[in-house]
Each structure stands twice: as structure tokens, then as C-alpha cells.
Amino acid sequence: MTSTEERLRDALGAAAAQVRDDRLRPLPAPETRPRRPALRRHMGWLGPAAAAISVLLIVALALTLTGPSHKPTPLVSYPALPAGFPKYFAQIVGPSQIAGPPGQLDVVIRSTSTGAEVTRAAAPDVPDWRLTPLNVATAPDSRSFYIEYRAVDLQKNTSQIWIYLLTFTHGGSSNYLEWIKGDPFPGSGLLVNGGSMAVSPDGRKLAFTETTQRLNGRSWPDAITVVDLRTGARSTWQGGMSRPGQTLTIPAISWTPDGRSLVFRAVWCRPIPNSDVCLDQSGQPGYRAPEIRSLDVGTRGGTLDHGSTLRLSPSARYPVIADAIAGPGGELTLAVLSGPADAATLTVERVDAAGKRLGVLYRSRAYGTEGRPDSVTLTPSATGTYLLIAYNGPNGPVTGWIDHGKLRFLPNKHPERGLLITGW
Amino acid sequence: MSDGRIPSAGASLDSAAIAALFRDHHAELVRLALLMVGDLATAEDVVQDVYASLHRRSRAQGRAQTVEAPLPYVRAAVLNGCRSILRRRAVAHRVGLAHRASLNDETAVRGSAESEVILSEDRRQVLSALARLPRRRREVLVLRYYIGLSEAEIAAVLGISAGTVKSTAARALAALARDLGETS
Chain A
1 MTSTEERLRD ALGAAAAQVR DDRLRPLPAP ETRPRRPALR RHMGWLGPAA AAISVLLIVA
61 LALTLTGPSH KPTPLVSYPA LPAGFPKYFA QIVGPSQIAG PPGQLDVVIR STSTGAEVTR
121 AAAPDVPDWR LTPLNVATAP DSRSFYIEYR AVDLQKNTSQ IWIYLLTFTH GGSSNYLEWI
181 KGDPFPGSGL LVNGGSMAVS PDGRKLAFTE TTQRLNGRSW PDAITVVDLR TGARSTWQGG
241 MSRPGQTLTI PAISWTPDGR SLVFRAVWCR PIPNSDVCLD QSGQPGYRAP EIRSLDVGTR
301 GGTLDHGSTL RLSPSARYPV IADAIAGPGG ELTLAVLSGP ADAATLTVER VDAAGKRLGV
361 LYRSRAYGTE GRPDSVTLTP SATGTYLLIA YNGPNGPVTG WIDHGKLRFL PNKHPERGLL
421 ITGW
Chain B
1001 MSDGRIPSAG ASLDSAAIAA LFRDHHAELV RLALLMVGDL ATAEDVVQDV YASLHRRSRA
1061 QGRAQTVEAP LPYVRAAVLN GCRSILRRRA VAHRVGLAHR ASLNDETAVR GSAESEVILS
1121 EDRRQVLSAL ARLPRRRREV LVLRYYIGLS EAEIAAVLGI SAGTVKSTAA RALAALARDL
1181 GETS
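Chain order of the listed sequences is A and B.
In this text, residue positions in the first sequence follow my numbering: the first is 1, and each later residue adds one.
In this text, residue positions in the second sequence follow my numbering: the first is 1001, and each later residue adds one.
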């Protein structure tokens, strides 16, 4: 072998060695999107030709009716987005426009700059199972999305949590759903709520909460599960925080920037049997007395009371903490509701590890009687630079990002047809 | 890197076979693409697109494709994907949108600290010289000196004769040696 061959073999081997099996992006499952029947090959030119003729006719008609004009008609536009801004956001919408039984919900990925639909994932069609998307969490690459489905076994009338990774290529024309390792996550009864889900900052772990209603309707044990996305290994924290006559739910969860802990919101209320309505201490629907707690995920699971520590509890200053996410150095970003229930003020503010206020990011009095405290959702972008806030306002769902004290709306042309946006 | 797990000749490529093939050879295919296109993200995209297109084709035909030799077929598809990428980059160069990524560009490969250690200056020179070779010569060298294919196997992947593979490899090595300042 010549020197050139040896050097070449050595260089190629070294370069190829940088591809490590355990760090490869997983291959997608076959696409789930139903394909339209293909046109016969010799008629394939008809589509583009018809489109071109249609455009020409419309332009000609418009010129005929309006005449030439030097004033360009303004198109719908949205404010320019800053550098590093997430390109996509996820939304659960329904009913499906493409396939599936009536009422089926899809996950739609839209452009943050225009609101245009980039891709749509119908729930996987699995015989004897019905899948409904509950949550979407965005991976750190900002273009892969974890979707949590409630999978109901139609034969046994029980359900499980199934989590898929949604990826797309070719600008969204093809998309793929694949099970994550560790799936499925068997539930102990009829799941009534998926709670919350979040991907760790390094993209290696996924945390989600389970809110399970047993078939007798009396008990809703809540759990936090962390899944290692590379191995499928899971750790669960459950129980230990019960209160007499009340049930615990965990409607919100987020990772600290170092990926070592979770911050979650724990609320207690009195459940109404066979219903997902939960009454607070004053007998009103909702979640009025939350605690903000942190959970060290370095352990292999256990009970919630031993694994977690209290960070904030209700006080005169924070009567209703609607959501909380972790920041660097033990900081918290809180969504707080205050004032009378029919005219509450929503404040988003930062507090340090000791609970001292660091500053107010956003304040609004638009939060009306239609909203419930549990519907406020704060979601940081993958880089932690931008903060998405979503809530049920008096006139319907509101979704936007906080920019120097103002709320910049994400383009969402049909908010009434989509649920709140929770992933971006 | 041929091994006993390669599906037999004349195998049908249904969804399960495609999945099995990629499960066994995913990393190798990404490495092959990386050596051709120079950056890991694009290499993963190429392999993912090939995987998806095979599934799509299988589904569109409603039956499994019968392929003489599945692994060479998939390697050829990956190389085709790489050629498309390289063509697009060449066009971008021509219109002034120079592509930043190449294998000897330290920003191109994920995990830069690690790659700096692995890719010594000598290796960078070799890879740079390889990148300057015409596409066909580069493919032959990568298939021969990285994948370790025989001339006949390379001929099957590239769709050329074994004699052409032999002469191309000889010319490519000579050009590489000249570029690297070697006398042999």
C-alpha cells in the first residue's frame, strides 16, 4: 500500500469516526400523511397548466375591473421577527381536514412569521385504538416535535400515553411520526388529562405528567415521568403529596436550564366523580391554591414529597400562580393572577431563588371571566431567549410572545378552530 | 464493511426490509454521505430522505420492490442524494452564495472540540485534496478506502464497469498524491 493510500484510509476513517451511532438522529417512521392518488403520468402536466391559466385569468380580470394603480394593495403582514426566533409553532386543531374519523384532532406545525401551515400530522390510525393528541413539546432543534397522545384501547376501555416524535422534510411536504423509546406508558385507568410535557435543554430527556382517573372515579393519582430518549429508561415520581378529601394534579412542568431539575405546579382540589372538573376550596371550578415545587431528576424516581422541594406557595402577593417556568440560577418566571375573579390582572414577572421580585415582563388587564387560571401557559423558546404566553382571554384564545413589555401575537388566522399553542 | 447481514440478492424491499436494512447500516450510510457532502447535518438529511423515498416508493407501488442487491442499491441512492446536494452547492457558488460546509472546515462537523482533535492537520490536508477531486473519482476512493468495497462492488454501486473503476481509482490516487506533494 502506498503512502497516499495509507493517509487516505486514515483520514477517511478519522472523519467517519465522528459519526457516533448513539448520537445519530433517529430515522423517521414511514410517513403518516395519506397520499392523494397520483395522476396518471401522461396527464401530470394538467395540474400546473390549470394553475397557471387560473392565475392569468384572475390577474386579467382584476386589471379589467380596477385598472392600473400605482398604490400597491397592502397584503396581510406581520411584524418582522428577530434573529434566532423560533421558525415554527405547534397547534392542536380539529376536526381533521385530511383523514380520520370526524372529530379527530391533528397536530399542525405553522410558520411563526406567517401562520401558514407547514405540515400536519393526523393521529396514527391503529386498529382497536383511538389516539387523541394532548400535548406538544418542541425539541431543542426547534423543528422536531414530541406529541403526547392519549391512546384509548377500545376493547378494554382503558388508555395509555403514547409519545411520538414528529419530524418533517422537504419544507413540510413529508412528515413522519415515530414512537420514542420506552413507549407505551401504561396508565392505571382512564386518563382524563395529559398534564404537561417538556424536553430537556440538551434534548436527551422528556418529562411529562400523568393525570389518571381510575375507573371508580375516586382517585386521580398524579405522577411525573422522565424518559431518557436514547435508552427508553424511565423514572417516575408519584404519591406522597395527598391531602384529605382533595386530589393532586400537576398541570405544568418545565426544565431548569441546566437540565438537572424540573419545576412544576402542584394544585389540590376536590374532584367531581366521573368528571374532569375539579373544585377549589371556595367551591369554584379551577385551581386556586397552587404550589411551585422543584424536583431533582438525578434520582431514579420515588415519591413526590421526598423528591421535590417547595419553591413558592400562595401568598397575598401571589394569590394565584397560574404558571411558572425555571430560569438560570434558580430564577422563576411566574404568570400570576390577582384582583377580583371577574376582572383579574395577569402579570408575568421574574423572581430570584429567594422569591424576591426581579422585574415585571408583562402585565395585562384583559384577562376576563372566560379564562381559568390553569389555562395560562408560559413556554420558553429552545434557546430560552423568547417567551410564549397563551391563555384563554375574554374573546377567545390569545397566543403571543412577550417583547419589551408588549404582547406580540403569533399569526393564527383561525384561533377558534385551534386549541392553545403550547409548543414552539 | 460488508458483512453477513446484507440481504441476499434479489431481495424484496418492503417496509420491514427497508427498516431492517437501515437499522443495520444507518451509521455506515451517514458516514458515507458525510465523506461526500462534508457536514453531518446534511449527511443525516440525505440518508433520511433516501429512507423516506424508499418507503414512499414501496407504498406507492402497493407491493415490495424487488432489488438485485439492496445494500449497493441504497448506497447508490445515498450517493445520488449527495450528488444533488453538491450540485446545488455548486450552483450556489456560481451565484455567490458560497456554502460554508466542507469536511475540512472545522465549523462543519458537529462537536468541534472533539473533531479538532480527531482531524489533525495532515488529515485535513488529505480531506481537502480529496474534496478537490472530480466527483466520480472521489466516490470511487471513498467506496474503496472507507467502505472497503471491491472493484466489482464499486462498479455495481456506481453503475460502471470494473475496468473503469480500476482506472478511475488509479488516476484519483495519482492526482491525490500530486496534490499532497508526494512523489509516488
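The beta-carbon is built from N, C-alpha and C at its ideal position, and this holds for glycine as well.
Note that this is a predicted model, so its numbers are computed, not measured.
Would you kindly work out how many angstroms separate the C-alpha atoms of A:Ile53 and B:Arg1087, rounded to a whole number?
32 Å
Give a yes or no on whether the C-beta atoms belonging to B:Pro1070 and B:Leu1021 are separated by under 8 Å.
yes
Against chain A, does B:Leu1021 count as a neighbour if the rule is that its beta carbon must be under 8 Å from one of theirs?
no
Short of 6 Å in beta carbon distance, which residues of its chain neighbour A:Arg234, apart from the five on each side in sequence? Order them along the chain.
Gly182, Thr225, Val227
Restricting to Cα atoms, I'd like to know which of B:Tyr1051, B:Ser1015, B:Leu1176 is closest to B:Arg1132.
B:Leu1176
Check each residue of the region 151-174 of chain A: if its Cβ is closer than 9 Å to any Cβ of chain B, include it; give the result in chain order.
Thr167, Thr169, His170, Ser174
Around the C-beta of A:Phe409, are 16 or more other C-beta atoms found within 10 angstroms, so that it is buried, or is it exposed?
By the 10 Å Cβ count, A:Phe409 comes out exposed.
Nearest CA to the CA of A:Thr385: which residue from A:Pro140, A:Asp10, A:Arg265?
A:Pro140
Can you tell me whether A:Leu154 is buried or exposed, with buried defined as 16 or more other CB within 10 angstroms of its CB?
It is exposed - the Cβ of A:Leu154 has fewer than 16 other Cβ atoms within 10 Å.
How many Å lie between B:Asp1179 and B:Ala1129 at the Cα?
6 Å
Mind reading off the beta-carbon distance from A:Ser174 to A:Phe168? Whole number of angstroms is fine, and I expect it under 8 Å.
6 Å
Considering only DSSP beta bridges, list what B:Ser1082 is partnered with.
Per the sequence presented here, residue 1082 of chain B reads as Cys, with Ser not at that position. Its beta-bridge partners do not exist; DSSP assigns none.
For the region 1147-1167 of chain B against the region 1039-1052 of chain B, are there 3 or more C-beta pairs whose distance is under 8 Å?
no
Rounded to the nearest angstrom, what separates A:Pro257 and A:Ala90 at their Cα positions?
One C-alpha to the other measures close to 22 Å.
What's the C-alpha gap between A:Ser261 and A:Pro328?
Rounded to the nearest angstrom, the two C-alpha atoms are 11 Å apart.
Pairwise C-alpha distance: B:Arg1056 and B:Val1142:
28 Å
Would you report the Cα separation of A:Glu291 and A:Ile109, rounded to the nearest angstrom?
33 Å
Might you give, ordered along the chain, the residues of its own chain that have their beta carbon closer than 6 Å to the beta carbon of A:Ser338, omitting 5 neighbours on each side?
Pro319, Thr345
Using a Cβ-Cβ distance cut-off of 8 Å, determine whether B:Arg1185 contacts chain A.
Residue 1185 of chain B lies beyond the range of chain B shown here (1001 to 1184); nothing can be said about it.
Could you give the C-beta distance for B:Arg1123 and A:Ala14, rounded to a whole number, given that I count them as a contact under 8 Å?
5 Å
Determine the closest residue to A:Val199 out of A:Ser381, A:Ile402, A:Ala390, A:His404, with distance taken between C-alpha atoms.
Measuring from the Cα of A:Val199, the nearest candidate turns out to be A:Ser381.
Looking only at DSSP bridge pairs, what is A:Phe264 linked to?
Assignment of beta-bridge partners to A:Phe264 by DSSP yields A:Ile253, A:Arg293.
Need the endpoints of the alpha helix (DSSP H) that A:Lys87 sits in, please.
Looking at the DSSP string, A:Lys87 is not in any alpha helix (DSSP H), and its letter there is neither H nor E.
Check the Cβ-Cβ distances between A:Ala14 and every residue of chain B, and say whether any is below 8 Å.
yes
Straight-line Cα distance separating A:Arg270 from A:Leu293
This sequence places Arg at residue 293 of chain A; Leu is not what is there. If I take the Cα positions, the gap works out to 21 Å.
Starting from A:Ile161 and walking both ways along the beta strand (DSSP E), at which residues does that stretch end?
Looking at the DSSP string, the run of the beta strand (DSSP E) that includes A:Ile161 is 158-169.
Do the CB positions of A:Arg150 and A:Leu134 come within less than 8 Å of each other?
yes
Within the continuous beta strand (DSSP E) that includes A:Leu361, where are the two ends?
357-364
Measuring straight from C-alpha to C-alpha, what distance separates B:His1026 and B:Cys1082?
Their backbone Cα atoms lie some 15 Å apart in a straight line.
Output needed for B:Glu1182: all residues of its chain with C-beta closer than 7 Å, excluding positions within five of it in sequence on either side, in chain order.
none
Excluding the 5 residues flanking A:Thr209 on each side, which residues of the same chain have their C-beta closer than 6 Å to its C-beta?
Gly195, Ser196, Ile224, Ile250, Ile253
Indicate the three-state DSSP secondary structure (helix, strand or coil) for A:Ala233 in the structure shown.
coil
Out of A:Trp162, A:Pro184, A:Ile180, which has the shortest C-alpha to C-alpha gap to A:Val203?
The residue asked about is misnamed: residue 203 of chain A is Gly in this sequence, not Val. Minimum Cα distance to A:Gly203 is reached at A:Ile180.
Since A:Arg311 and A:Val376 should fall inside the 8 Å C-beta cutoff, what is the C-beta to C-beta distance between them, to a whole number of angstroms?
Taking 8 Å as the upper bound for CB-CB distance, A:Arg311 and A:Val376 are not in contact here, some 18 Å apart.
So which residues on chain A does B:Leu1127 lean against when the C-beta distance must stay under 7 Å?
Ala11, Ala15
Under 7 Å Cβ to Cβ from A:Gly302, same chain only, skipping five residues before and after it: list those, please.
Trp237
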